[in-house]
Amino acid sequence: MDQKLIRNFSIIAHIDHGKSTLADRLLEMSGSVSDREKKDRLLDNMDIEKERGITIKAQTVRLYYNAKDGNRYMFNLIDTPGHVDFSYEVSRSLASCDGALLVVDASQGVEAQTLANVYMAIDNDLEILPVLNKVDLPHADCDKVRTEIEDVIGIDTFDCGEISAKTGLGIDDLFEKIVKVIPPPAGEIEAPLQGLIFDSWFDPYQGVVILVRVVQGSLKKRDKVYLKHSDREYEILKVAVNAPFFTEVDGLHAGEVGMLICGIKTIRDVKIGDTIVEHKKKDTPNLSGYEEVKPMVFCGVFPVDSPDYEILKESLEKLALNDSSFTYEPETSGALGLGFRCGFLGLLHMNIIQERLEREFELNLISTAPSVSYQVVMEDGEIIDVDNPSDLPDSSLYTEIKEPIVELSIHVPNDFVGAIIKLCEQRRGRQKEIRYITEERVQIIYDLPLSEMVFDFYDKLKGMSKGYASMDYEFRDFEASDLVKVDILINGDKVDALSMICHRSTSYYKGRDLTQKLQKIINRQQFDVAIQAAIGAKILSRETVKALRKNVLAKCYGGDISRKRKLLEKQKEGKKRMKVVGNVELPQEAFLAVLKVDE
Numbered sequence: 024m025d026q027k028l029i030r031n032f033s034i035i036a037h038i039d040h041g042k043s044t045l046a047d048r049l050l051e052m053s054g055s056v057s058d059r060e061k062k063d064r065l066l067d068n069m070d071i072e073k074e075r076g077i078t079i080k081a082q083t084v085r086l087y088y089n090a091k092d093g094n095r096y097m098f099n100l101i102d103t104p105g106h107v108d109f110s111y112e113v114s115r116s117l118a119s120c121d122g123a124l125l126v127v128d129a130s131q132g133v134e135a136q137t138l139a140n141v142y143m144a145i146d147n148d149l150e151i152l153p154v155l156n157k158v159d160l161p162h163a164d165c166d167k168v169r170t171e172i173e174d175v176i177g178i179d180t181f182d183c184g185e186i187s188a189k190t191g192l193g194i195d196d197l198f199e200k201i202v203k204v205i206p207p208p209a210g211e212i213e214a215p216l217q218g219l220i221f222d223s224w225f226d227p228y229q230g231v232v233i234l235v236r237v238v239q240g241s242l243k244k245r246d247k248v249y250l251k252h253s254d255r256e257y258e259i260l261k262v263a264v265n266a267p268f269f270t271e272v273d274g275l276h277a278g279e280v281g282m283l284i285c286g287i288k289t290i291r292d293v294k295i296g297d298t299i300v301e302h303k304k305k306d307t308p309n310l311s312g313y314e315e316v317k318p319m320v321f322c323g324v325f326p327v328d329s330p331d332y333e334i335l336k337e338s339l340e341k342l343a344l345n346d347s348s349f350t351y352e353p354e355t356s357g358a359l360g361l362g363f364r365c366g367f368l369g370l371l372h373m374n375i376i377q378e379r380l381e382r383e384f385e386l387n388l389i390s391t392a393p394s395v396s397y398q399v400v401m402e403d404g405e406i407i408d409v410d411n412p413s414d415l416p417d418s419s420l421y422t423e424i425k426e427p428i429v430e431l432s433i434h435v436p437n438d439f440v441g442a443i444i445k446l447c448e449q450r451r452g453r454q455k456e457i458r459y460i461t462e463e464r465v466q467i468i469y470d471l472p473l474s475e476m477v478f479d480f481y482d483k484l485k486g487m488s489k490g491y492a493s494m495d496y497e498f499r500d501f502e503a504s505d506l507v508k509v510d511i512l513i514n515g516d517k518v519d520a521l522s523m524i525c526h527r528s529t530s531y532y533k534g535r536d537l538t539q540k541l542q543k544i545i546n547r548q549q550f551d552v553a554i555q556a557a558i559g560a561k562i563l564s565r566e567t568v569k570a571l572r573k574n575v576l577a578k579c580y581g582g583d584i585s586r587k588r589k590l591l592e593k594q595k596e597g598k599k600r601m602k603v604v605g606n607v608e609l610p611q612e613a614f615l616a617v618l619k620v621d622e
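Here the sequence shown is numbered in this note's numbering, starting from 24 and rising by one per residue.
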C-alpha cells in the first residue's frame, strides 16, 4: 500500500476518559467488525481487563477507511492503558507511532495522566490531535475544556474533535481529522530491513509471537531475519495483522505494523526494543529501542507447594516476555523456601501479575508484603541496592540508607485541598508547589518517599476526595533518611518474610500494630507463642498467643493403633495454605498483615 495512505496512531488519555470505547466505535464505523462480531471493549481480550474495566495491555488493530478525497486509508491503531502503573506500555506504543489522539473527558477536563501521557507523546515528536469525548453528557463543557487544554498543555485546539464514543456522534468527522492531522510514516520500502519489536507474547501452539513496526524496507513469508539482541536467525513462517481478528497477510512494508511467527521456542531470544534485520545484512544499524524501565515495588512470590517451583519459573518467563516492565530473580527464604523476588512498577501492576499467575497458570501462591528498593552506603563508600529487607547488612557496616523519592502531582477540586495536604504531610511529604489550573481545579506537587506511597496512599487519596482526585508520579532521586529495619520474631526466630524497613519515627507504631495484628491471625498452638517486633537487639513491642491444648486421643483407651493414627491424621487437615515457621503455623493472612498496619 502507498505509504501516503497509512496512518499509525495511539489513543492516549486519563483512566476512564473513553479510550477503549473510542477504539470500539472506530472499528464499528469503519466496517471492520460485523454486527455479529461486535461487543463492548473488543480490544480488551484478558478476563481481568473485562472484570476490572481497565486496559492493562496496549492492543494494536488495523482498519481501513474510505475518505472523502476518494482514497482508501489504512489505520494502524494502538489502544493504550490509562493507569500510571502501565505507563511503560504507553511509552512503548508511542515510540512505534507517528501521532496520537489525546482523548479528554468533556465533563472532567485535563487530569494527571492526561498531562503525563501528553508529555510522553511530545518527547517522541508525535503529532497530537486533541479529542473531546462524552460531549453528550448534560454537564459537559467543551469551551471550558478547550481553554484548559490550551492553557495547561499548550496545544492548539483548532482541529479538536468533539465526539461521543458511546453513541458514535462526531466519529465520521474524526476520521477525516485523523487523515488530515496525523502524518504518514517515513521510511523507504527499498532500503535494507529495519523492524522494531514493541511487544511479544507466548502462544502454546505457535511459540513466541512478535509484534513489529517495520521502519525501513519490507519483509514477507519465508524470508530469513536476524534478531540483533539474541544473535539468532529465524525463518518467517507466518505474517499476520489484527484486523481486528488474526488475519494472515503476504508481507509488511515500511510504515506497517504486524505480527511475525517464526517458530521461536526459546523465550529469552526475544527482547522488546530489539531490531530485526535481514540475515544477509547483519550490520544494518540498530534502531534506538526503549529505555530499560526500573521496577519501583518489589515482593517475594513463593509456591504454596514446593514441587510447583519449576512451573512458577516457566510462568514468570512467559509473563516477562509479554510484560517487559516486570522483572524477577530467584530468592530463598528460611520461612517460605524457594521462590522469586519480583519487581513491579506499582501496586496495581503487582496485583495484576499475581492474579494472572494464579489464573492463567493455575498456581497457588504466597506473596510477601511489597517493599521498595533502597541504596545502602557502606563504610568503604560502596553503594549497594537492597530491595528485600532481609538483605539489609548489619547497622555497624553501613553509614546511611537512601530511599527513593518521587515527585507526586495531584489534580483535585478546590474543596479537598486541605485534606490532601494533610495526607501528604502525614506521609513525610515536602510541598513543592500549589498551582490553580482553573478556579475549581488545583494541581498540588509534593516530593514524597515512595515507601510511604506504596501501600494505601492511592485508596486514601480517592477516599478523601470522594473519587475526584487523580494522581501521577515520577521517580526523582534517592535521598538519605533515618531508616531502620524492623524484624518480627516468633518464639525468638526471625521471620524474614515479615521484616520491613521504615522511618525511625514510625517504627514503634508500625511494630506495635503488626504484632497486635499477628496475635489475632496466628492460631493458638499447644504452647505459648511470643510475637515480638525488634530493631536489632531492642524489642519494640510484644504480644503473646496463649496456649491451647486439645487431646484428640482422650477417648482412645486401648484398641488398635490405627484408630489413634486416624484421629491424628484428621488433625493435619486444613494446613494447605500454611507455612511452618519453627514450630508455629503462619497463615497467608500473616504476610498480608504487613500491608494493613496503617488501619
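Ideal placement from N, C-alpha and C gives every residue a C-beta, glycine not left out.
Note that the coordinates shown come from a computational prediction; the quantities given were computed from them, not determined experimentally.
Chain-order list of residues whose beta-carbon lies under 6 Å from that of Ser-356 (same chain, five-residue window excluded)
Asp-519, Ala-520
Work out the CA separation of Glu-463 and Phe-384 for me, nearest whole Å.
47 Å
In the DSSP assignment, find the beta strand (DSSP E) that holds Ala-556 and state where it starts and stops.
552 to 558
Identify every residue that forms a DSSP beta bridge with Asn-156.
Residue pairing of Asn-156 in beta bridges, as defined by DSSP: Asp-128.
Taking C-beta to C-beta, are Lys-200 and Asp-182 nearer than 8 Å?
Closer than 8 Å, so yes.
Measuring only the C-alpha atoms, how far is Asp-495 from Lys-91?
Going from the Cα of Asp-495 to the Cα of Lys-91 covers about 40 Å.
Comparing C-alpha positions only, which one of Ser-130, Asp-470, Ala-118 sits nearest to Leu-639?
Here the chain has residues from 24 to 622 only, and residue 639 is not among them.
Residue nearest to Leu-537 in terms of C-alpha spacing, selected from Ser-528, His-526, Asp-516, Asp-510
Asp-510
By DSSP, does Tyr-313 sit in helix, in strand, or in coil?
coil
Checking the sheet assignment: what are the DSSP bridge partners for Phe-268?
DSSP lists no partner for Phe-268.
Near Gly-41, which residues of its chain fall below 8 Å by C-beta distance, leaving aside the five closest residues on each side in sequence?
Val-126, Asp-128, Asn-156, Lys-157, Ala-188, Lys-189
Under 6 Å Cβ to Cβ from Glu-448, same chain only, skipping five residues before and after it: list those, please.
none
Can you say whether Glu-171 is buried or exposed, counting buried as having 16 or more other CB atoms within 10 angstroms of its CB?
buried
One question on the structure: do Leu-371 and Leu-380 come within less than 8 Å of each other, judged by their Cβ atoms?
no
Can you list, in chain order, the residues of its chain with a C-beta nearer than 7 Å to that of Lys-243? Leave out the 5 residues immediately preceding and following it.
Val-262, Asp-273, Gly-274, listed in sequence order.
Going by C-alpha distance, which of Asp-417, Ile-34, Thr-307 is nearest Pro-215?
Minimum Cα distance to Pro-215 is reached at Thr-307.
On the DSSP bridge list, what partners appear for Cys-525?
Val-507
In this structure, does DSSP put Leu-368 in helix, strand or coil?
coil
Look at Ile-554 and Ile-562 and say whether their C-beta atoms are less than 8 Å apart.
no
Could you tell me the alpha carbon to alpha carbon distance between Met-487 and Asp-438, rounded to whole angstroms?
11 Å
Going by DSSP, what residues sit across from Gln-217 in a beta bridge?
Residue pairing for Gln-217: DSSP places it in a beta bridge opposite Gln-239.
Please confirm if the region 230 to 243 is in contact with the region 136 to 143, defined as three or more CB-CB distances below 8 Å between the two stretches.
No, the region 230 to 243 is not in contact with the region 136 to 143.
Three-state secondary structure (DSSP) at Ser-394?
strand
Taking all protein chains shown into account, decide if His-106 is buried (16 or more other Cβ within 10 angstroms of its Cβ) or exposed.
Classified as buried, His-106 has 16 or more neighbouring CB atoms from the shown chains inside 10 Å of its CB.
Where Gly-486 sits in the DSSP three-state scheme:
In this structure, Gly-486 counts as helix in the three-state DSSP scheme.
Return yes when the Cβ of Phe-98 is within less than 8 Å of the Cβ of Leu-117, no when it is not.
no
Mind checking whether Lys-294 and Ser-253 have CB atoms under 8 Å apart?
Pairing Lys-294 with Ser-253 gives a Cβ-Cβ distance under 8 Å.
Taking its Cβ as the centre, do 16 or more other Cβ atoms sit within 10 Å of Ile-212, making it buried, or is it exposed?
So Ile-212 ends up on the exposed side.
Selected residue, minimal CA-CA separation from Lys-543, among Arg-115, Ala-613, Tyr-491:
Ala-613
Taking only three categories from DSSP, how would you classify Glu-340?
helix
Here's the rule I'm using: 16 or more other beta-carbon atoms within 10 Å means buried, otherwise exposed. How should Ser-585 be labelled?
exposed
Buried or exposed: which applies to Lys-598, given that a residue is buried once 16 or more other Cβ atoms fall within 10 Å of its Cβ?
Its pLDDT being 43, under 50, Lys-598 is placed unreliably in this model, and the coordinates cannot settle the point.
Excluding the 5 residues preceding and the 5 following Asp-332 in the sequence, name in chain order all residues of the same chain whose CB lies nearer than 6 Å to its CB.
Residue 332 is actually Tyr in this sequence, not Asp. Same-chain partners within the cutoff: Pro-326, Leu-361.
If I measure Cβ to Cβ from Asn-265 and keep anything under 7 Å in the same chain, skipping five residues before and after, which residues do I get?
Thr-83, Val-84, Arg-85
Measure the CB-CB distance between Lys-455 and Ile-444 and report whether it falls below 8 Å.
Contact flag unset, no.
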